[in-house]
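Residue numbers (this note's numbering), protein chains in the order written: chain A, 2 to 116; chain U, 137 to 250. Even glycine gets a Cβ: it sits at the ideal position worked out from N, Cα and C.
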Amino acid sequence: DQQVKQNSPSLSVQEGRISILNCDYTNSMFDYFLWYKKYPAEGPTFLISISSIKDKNEDGRFTVFLNKSAKHLSLHIVPSQPGDSAVYFCAASGYRGGSNYKLTFGKGTLLTVNP
Amino acid sequence: KAGVTQTPRYLIKTRGQQVTLSCSPISGHRSVSWYQQTPGQGLQFLFEYFSETQRNKGNFPGRFSGRQFSNSRSEMNVSTLELGDSALYLCASSSVGGANYGYTFGSGTRLTVV
């Protein structure tokens, strides 16, 4: 049972436009959400996170939106740059249910930003 | 400061053999987690250690085991290797554990079982 889902395996956008990556979750115990970026042959690097008590968190070009009622979050990248091309993973964690010490990941979305 | 160091970077083993992977966390970090990444399953949690104690374990068979030493370095062991164990194994460290405190990943060990 996949608790964190990224339904789009890939996304292609033009440089300068907005990239929107989506993520859905099923476990209501999750109360903290993160986005990681991964380049080939490297480990994932942390990008941005959001607590379930918020509905938006912004850091430079990156904004994460959380819709708890829909169990949906999205990552917006504006403007997109070629260097943003990577695999993006959505991850979730939660204090409740004893799952605080692990991250549950989606399968990732490959973002390609074309010059 | 130095990041999370995983050794070796690449490994080729034969079915039935066993393998040990090593992870040195960021200095001062006491929590070490292990994840398996495969094309079909994405990143899956293996286990997490804090101060030499396993605090959480994922849904992997008993062939997968780990331990943490007093200096916070960690090892994971896979016995009786199967072809399906071919994957990128990632280690992540954190000061106290818990997503809120941030996890830093190493570059991983690419294991190929033939």
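Among the candidates the options, whose CA atom is the shortest distance from the CA of residue i?
i: T105 of chain A; options: U:W170, U:T156 and U:F200; result: U:W170
i: H126 of chain U; options: U:P175, U:N213, U:F186 and U:L226; result: Outside the displayed range of chain U (137 to 250) lies residue 126 of chain U, so it cannot be described from this structure.
i: G220 of chain U; options: U:R145, U:S158 and U:P175; result: U:P175
i: T141 of chain U; options: U:V250, U:G242, U:L247 and U:R246; result: U:G242
i: Y40 of chain A; options: A:P83, A:N68 and A:T64; result: A:P83
i: E218 of chain U; options: U:F181, U:S160 and U:T248; result: U:T248
i: F66 of chain A; options: A:A87, A:L22, A:D85 and A:P45; result: A:L22
i: R203 of chain U; options: U:S215, U:K149, U:L179 and U:E184; result: U:E184
i: S53 of chain A; options: A:T110, A:G17, A:S94 and A:Y37; result: A:S94
i: R209 of chain U; options: U:S230, U:V155, U:C159 and U:T216; result: U:C159
i: Q180 of chain U; options: A:L12, A:L111, A:T113 and A:Q3; result: A:Q3
i: S11 of chain A; options: A:T46, A:S86 and A:K55; result: A:S86
i: Y237 of chain U; options: A:K6, A:V5, A:E16 and A:Y33; result: A:Y33
i: G244 of chain U; options: U:S229, U:G233, U:A235 and U:V250; result: U:S229
i: N115 of chain A; options: A:K6, A:R18 and A:Q7; result: A:R18
i: E59 of chain A; options: A:S75, A:K6 and A:Q15; result: A:S75
i: S70 of chain A; options: A:S20, A:P45, A:S29 and A:G109; result: A:S29
Terminal residues of the continuous beta strand (DSSP E) containing residue i?
i: K57 of chain A; result: K57 to D60
i: K1 of chain A; result: This structure gives no information on residue 1 of chain A, because the portion of chain A shown stretches from 2 to 116.
i: N192 of chain U; result: T189 to K193
i: I148 of chain U; result: Y146 to K149
i: A87 of chain A; result: A87 to G95
i: I78 of chain A; result: H73 to I78
i: Q154 of chain U; result: From DSSP, Q154 of chain U is part of no beta strand (DSSP E); its letter is neither H nor E.
i: I49 of chain A; result: T46 to S52
i: Q142 of chain U; result: T141 to T143
So what's residue i in DSSP terms, helix, strand or just coil?
i: G178 of chain U; result: strand
i: D25 of chain A; result: strand
Based on the DSSP secondary-structure assignment, which residues constitute the bridge partners of residue i?
i: K6 of chain A; result: A:D25
i: R203 of chain U; result: U:E211
i: L12 of chain A; result: A:L112
i: E184 of chain U; result: U:S169 and U:N192
i: L1 of chain A; result: Because chain A is modelled from 2 through 116, residue 1 of chain A falls outside the range shown and cannot be assessed.
i: S20 of chain A; result: A:I78
i: S160 of chain U; result: U:T141
Residue i: beta carbon under 7 Å from a heavy atom of the ligand FMN?
i: G234 of chain U; result: For the ligand FMN, the structure offers nothing, since it holds no ligand at all.
What are the complete beta strand (DSSP E) segments, minimum 3 residues, inside the region 210-250 of chain U? Qualifying beta strand (DSSP E) stretches, in chain order: 210-214, 223-230 and 245-249.
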